[in-house]
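Peer 1: First the structure, then my questions, so here it is.
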Amino acid sequence: MQYYFAPLEGLTDSIYRRLHRQFFPGADRYYTPFFSPTVHRSLTPREARELPPADAIGCSVIPQLLTKVPEDFLFMAGVCKDLGYTEVNLNTGCPSGTVTAKGKGSGMLRDLNTLDAFLDNVFSHAPLPISVKTRIGFADSEEFPKILEVFNRYPIRELTIHPRVRTAFYKGSVDMSAFRYAAETAKMPLCYNGNLCTLRQIAELQAEFPAINAVMIGRGLIADPGLLTPGGTTPDTLKAFHDTLLETYIQEFGGSRNAMFRLKENWRHWLCKFQGSEHLGKRLRKTTDVDEYRAISEEIFRTLPLRSETLPDWD
Numbered sequence: 002m003q004y005y006f007a008p009l010e011g012l013t014d015s016i017y018r019r020l021h022r023q024f025f026p027g028a029d030r031y032y033t034p035f036f037s038p039t040v041h042r043s044l045t046p047r048e049a050r051e052l053p054p055a056d057a058i059g060c061s062v063i064p065q066l067l068t069k070v071p072e073d074f075l076f077m078a079g080v081c082k083d084l085g086y087t088e089v090n091l092n093t094g095c096p097s098g099t100v101t102a103k104g105k106g107s108g109m110l111r112d113l114n115t116l117d118a119f120l121d122n123v124f125s126h127a128p129l130p131i132s133v134k135t136r137i138g139f140a141d142s143e144e145f146p147k148i149l150e151v152f153n154r155y156p157i158r159e160l161t162i163h164p165r166v167r168t169a170f171y172k173g174s175v176d177m178s179a180f181r182y183a184a185e186t187a188k189m190p191l192c193y194n195g196n197l198c199t200l201r202q203i204a205e206l207q208a209e210f211p212a213i214n215a216v217m218i219g220r221g222l223i224a225d226p227g228l229l230t231p232g233g234t235t236p237d238t239l240k241a242f243h244d245t246l247l248e249t250y251i252q253e254f255g256g257s258r259n260a261m262f263r264l265k266e267n268w269r270h271w272l273c274k275f276q277g278s279e280h281l282g283k284r285l286r287k288t289t290d291v292d293e294y295r296a297i298s299e300e301i302f303r304t305l306p307l308r309s310e311t312l313p314d315w316d
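Under the numbering used here, the first residue of the sequence shown is numbered 2, with each subsequent residue one higher.
Structure follows, in structure tokens:
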């Protein structure tokens, strides 16, 4: 089984990926939060920092691209090839309203003729292999057979399926019947993504779908960073990871306040791993003082035991 770390905007930036790999080895591949190429044909300074030469990273990273314009996709794919990357990932799954309103992300699933034309163009001229991450529909899972029919026409390296429709965002149950249909019908290798947060769940998925050799884990791996690491997540290692992230973000952002707020996004998930975290978690979420934030974080690490399995509070 191959284990992929899903891209999460505002969380899994290049600093996070590098330090996660350092403290919690085990992921076979990391996907970047999406890049949105434009007609300007240049990378912003932030994009350039987030997309260094591939041989300087030290692990397998796949850039994810978000666009509905074939020429923009091909430009960015060419940039990735020049930087040494061996694959790019097309995002047809992002449910954000600001994204879908522009016909991008899972908004591409509303017009399959346009999606088909886009794929025909990019696969005809792609400078390197393309994988795809998708949902099972925009508003209804009944859309999925026709969506998969379109994808089956192209040499997609791997299709990652998050079995929810766009309107479900990340809430509620996943639709395993749709994923089962894909496992029986898809012509390309599949990767499963959605609601995985324990090794037991991964083993159950593998037992049900033995032909699936890859899973992509997002929130479950944020909440339990050592999920894929021998020995799991330990309090000392998680604290060292947190402290190093904080100090690195302080240097990157030129101040501690923005670094604190970036780390708070991680705590939204980490708190699911700690027993009895309600009181300290509430205090941590409310504070805007960096010294108080440090003190509360220290108290959490010092006094609260880690759960053996993460109990997500995603809904």
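Every residue gets a Cβ at the ideal spot worked out from N, C-alpha and C, and that includes glycine.
1. Leaving out the 5 sequence neighbours to the left and right, which residues in its chain are closer than 8 Å to residue 305 when beta-carbon positions are compared?
2. Would you check if the region 240 to 249 and the region 190 to 207 touch, i.e. whether three or more CB-CB distances between them fall below 8 Å?
3. Count the CB pairs spanning the region 250 to 263 and the region 231 to 238 that are closer than 8 Å, and state whether there are at least three.
4. Considering just the uninterrupted stretch of the alpha helix (DSSP H) at residue 139, what are its terminal residues?
5. Once you ignore the five residues that flank residue 69 on each side, which residues in its own chain have a CB closer than 8 Å to its CB?
6. When you compare only the Cα positions, how much space is there between residue 250 and residue 20?
7. With distance defined between alpha-carbon atoms, name the residue in 167, 175, 129 nearest to residue 158.
8. So what's residue 192 in DSSP terms, helix, strand or just coil?
9. Rounding to the nearest angstrom, what Cα-Cα distance links residue 14 and residue 176 in this structure?
10. For residue 228, does the count of other Cβ atoms within 10 angstroms reach 16, so buried, or fall short, so exposed?
11. Pull up the DSSP beta-bridge partners for residue 92, would you.
12. Between which two residues does the alpha helix (DSSP H) holding residue 17 run?
13. From residue 73 to residue 295, what does the alpha carbon distance come to, in whole angstroms?
14. Taking the alpha-carbon positions, what's the residue 91 to residue 34 distance?
15. Are there 16 or more other CB atoms within 10 angstroms of the CB of residue 270, so buried, or fewer, so exposed?
16. Measuring CA to CA, which of 85, 208, 133 is closest to residue 53?
17. Can you give the Cα-Cα distance for residue 97 and residue 313, rounded to whole angstroms?
18. Does DSSP classify residue 216 as helix, strand or coil?
19. Please report how far the alpha carbon of residue 286 lies from the alpha carbon of residue 268, in whole angstroms.
20. Spatial neighbours of residue 299 within its chain, please: C-beta separation below 6 Å, excluding the five flanking residues on both sides.
21. Check whether the Cβ atoms of residue 112 and residue 151 lie closer than 8 Å to each other.
22. Just verifying my parser: in three-state terms, what is the DSSP assignment at residue 99?
Peer 2: The relevant details are as follows:
1. 275, 276, 277, 278, 281
2. no
3. No contact exists between the region 250 to 263 and the region 231 to 238.
4. Careful: residue 139 lies outside any alpha helix (DSSP H) and carries neither H nor E.
5. These residues qualify, in order along the chain: 103, 104, 105, 108, 109, 115, 119.
6. 11 Å
7. 129
8. strand
9. 29 Å
10. buried
11. 134, per the DSSP bridge assignment.
12. 15 to 24
13. 43 Å
14. 11 Å
15. When all chains shown are included, residue 270 counts as buried.
16. 85
17. 21 Å
18. Here residue 216 sits in strand by DSSP.
19. 8 Å
20. none
21. Residue 112 is not a Cβ neighbour of residue 151, given a cutoff of 8 Å.
22. helix
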